[in-house]
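In what follows, a structure is listed as structure tokens, so that the remarks can point back to it.
Numbering (UniProt numbering), first residue to last: 1 to 416.
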């Protein structure tokens, strides 16, 4: 069963196509204020365009080969997720008993992660629109998340995937609350970003909803039309209300004497889902080795240069097949950013070819285990909470200097 490409399946690509139909005779290098070297400086314009053509061909190869095996995969994932969700909620009816609480909470956590990551995120990218199944079509799917799908698609598909890691254009860079690059001006408020990041991880779905709503810009007076903002805010609040009633009122009430235990299980499952999702996103965008780009660097950007930015502006996670499924295959973030509308189950298949291509063009292919990438991302968050020229040694010397200065200025004791 071979499918043709429809406008819906290429939502993210269509958003950028009008900008990327040009080719350039020479590269346009914009140096970063930090002086960090350009890892693509060795590539000529002709090489970059050749890279773009090669990746276009790879994408088309996968599009042309989509068929029954891919359809069977997503239907199986959906069946497993729905069965796990229902059975876990049934078990939680008896959550007064500790074994039932543990089993139900674990099952519900996994079900929520699968729905958000491998189903919701990828469905809304239009990866399965070619199947013509209204249950998993990007135009109608609504996920189990605080952010309404329409708002999420606008901020994620249209903005983030178009302006990946461009300082001042990609709002996903720190979500407006963190400094994630040396070229971002430091402010004392960034000293708290490790704490902000931890809090954001615990309430991640609500943080994303506020981010998709552009709440920060609105508070600063730089947001969208007030009437449109109010309409969008009402949608978010209505969505959150439905989620709250389902998880914290209806299902606990159905549990009768297990009300409080079921309520706690639902809260725990949502917390686990938030922490996991946050970690996966951190691993794909913030570890050491991931590049960011100056706003001026994308002026006149060609398709090949767009691909180049996706490749070195993302990072992968190495692990088992089960781990890949639980991340929504965003463990293949490099492949996803280059080809956001390809079925997620095909990323593992093309990953070795992508790695070979990056090596052939002298580019980095950033990858590592989950613990390593999480640690690397958190290291970046902590390091960039401090000024660029900060070091422990300098801080210690400065502190010692201030102490000595106070001692020298202290009046001498008067002796009789």
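Cβ atoms here follow ideal geometry from the backbone N, Cα and C, with glycine treated the same way.
Only residues of its own chain outside the window of five on either side were considered, and among them 367, 368, 369 have a CB closer than 7 Å to the CB of residue 318, listed in chain order. Here residue 180 has 173, 174, 286, 380, 384 as same chain residues with Cβ atoms under 7 Å from its own Cβ, once five neighbours each way along the sequence are excluded.
Residue state for residue 201 is assigned as helix, using DSSP reduced to three classes. DSSP places residue 315 outside both helix and strand once states are collapsed to three, so it counts as coil. Annotation for residue 367: no alpha helix (DSSP H) segment contains it, though the beta strand (DSSP E) segment containing it runs 367-369.
Residues of the same chain with a CB within less than 7 Å of the CB of residue 269, apart from the 5 flanking positions on each side, are 105, 108, 109, 112 in chain order. In the three-state scheme derived from DSSP, where H, G and I count as helix and E and B as strand, residue 62 is classed as helix. Nearest to residue 229 by alpha-carbon distance, out of 253, 246, 210, is 210. Across the set 41, 360, 343, 387, the C-alpha of 343 shows the shortest separation from the C-alpha of residue 61.
Residue 101: member of the alpha helix (DSSP H) spanning 98-114, first to last residue. Annotation for residue 92: 104, 262, 265 place their beta carbon closer than 6 Å to its own, counting only its chain and skipping 5 residues before and after. Three or more beta-carbon pairs drawn from the segment 114-122 and the segment 329-346 are found closer than 8 Å, and the two stretches are therefore classed as touching.
Closest option to residue 165, judged by alpha-carbon separation, among 236, 73, 311, 76: 311. Under DSSP, residue 259 forms no beta bridge with any residue. Rounded to the nearest whole angstrom, the C-alpha separation of residue 255 and residue 141 is 29 Å. The beta strand (DSSP E) runs lying completely inside the segment 268-347 and spanning 3 residues or more are 316-318, given in chain order.
Residue 166 is bridged by DSSP to 293. In the structure shown, residue 175 falls within a helical segment according to DSSP collapsed to helix, strand and coil. A Cβ-Cβ contact shorter than 8 Å links residue 202 with residue 274. Looking at 258, 123, 374, the one whose alpha-carbon comes closest to that of residue 98 is 258. Looking at 328, 389, 382, the one whose alpha-carbon comes closest to that of residue 81 is 328. Rounded to whole angstroms, the separation of the alpha carbons of residue 282 and residue 134 is 32 Å. Judged by beta-carbon spacing, residue 33 lies beyond the 8 Å limit of residue 170, meaning their Cβ atoms are not closer than that value.
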